[in-house]
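J.: When we follow numbering that gives the first Met the number 0, the leftmost residue of the sequence shown carries the number 0, and every step to the right adds one.
Heads up, the beta-carbon is just placed ideally off N, CA and C, and yes, glycines get one too.
Keep in mind the model is a prediction, meaning the values are calculated, not measured.
Once you've had a glance at the structure underneath, I'll fire off some questions.
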Amino acid sequence: MPLLYSFRPIFILPKAIHLLEIVNLIIAFMFNSLMFYFFGGKTLSYFLLSTALGLSLHPISGHFIAEHYVFQQGYETYSYYGPLNAITYNVGYHNEHHDFPYIPGRNLPKVRKIAAEYYDYLPSYTSWIKVLYDFVTNDNVGPWARMTRPTKIGHIQVPSQQEYEQQLQNTVNQPKKQD
């Protein structure tokens, strides 16, 4: 799941790499190299295991599922309004984030308060633990229930995940042309 969550945007909607992203990769590589040089391989193992644990099954990781898995037909995204927002930089205010992506996370509760008439009727969660429980026990929800849809960028139609996989399968199964 952690690798899928990290690399999904690269495969679904690839974007050009910018200079600051290259600078970021260089700095991260240098930092990790220095940590390895001064403190050894156990330090890098600690970093990797901490990342894996942070993305594994625990209460806060419920937000990975809560954001884009369809629990109620007709709604693509869901917000979480619970106490864990205080320690997760308001990552639970997901609908508000989609509506106003350039507003800092610390201000998303203000957005909800100002525009309550738009957000109060939307389905939401008060427990990420319940989201995880429902994901595991509800037969109508599972890995197949993630929201996907065709996207259009300018005049270019980006295929949905299912269309992409079908195109890939068709390409693989095509016989090679003889010259």
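(1) CB GLY73 to CB TYR80, shorter than 8 Å?
(2) Does the stretch 122 to 137 come close enough to the stretch 55 to 70 to have 3 or more Cβ pairs within less than 8 Å?
(3) Quick check for students: name the residue ranges of the alpha helix (DSSP H) that lie wholly in the stretch 21 to 91, counting only runs of 4 or more.
(4) When we look at the beta-carbon of LEU107 and count the other beta-carbons within 10 Å, is it buried (16 or more) or exposed?
(5) Checking the sheet assignment: what are the DSSP bridge partners for TYR117?
(6) Between the alpha carbons of GLU66 and SER78, how many angstroms are there, rounded?
(7) Using 8 Å for Cβ pairs, my map puts TYR68 next to ARG145. What's the rounded Cβ distance?
(8) Measure the Cβ-Cβ separation of GLY181 and ASN94 and say whether it is below 8 Å.
(9) Once you ignore the five residues that flank ASN84 on each side, which residues in its own chain have a CB closer than 8 Å to its CB?
(10) List the residues that DSSP assigns as beta-bridge partners of ARG145.
(11) Quick one: grab the DSSP three-state call for TYR132.
(12) Give me the DSSP bridge partner(s) of TYR124.
T.: A quick look at the data gives this:
(1) no
(2) yes
(3) 40 to 53, 61 to 67
(4) buried
(5) None, per the DSSP bridge assignment.
(6) 7 Å
(7) 5 Å
(8) Here the chain comprises residues numbered 0 to 178, so residue 181 is not present and cannot be evaluated.
(9) VAL90, GLY91, TYR92, PRO108
(10) TYR68
(11) helix
(12) TYR79
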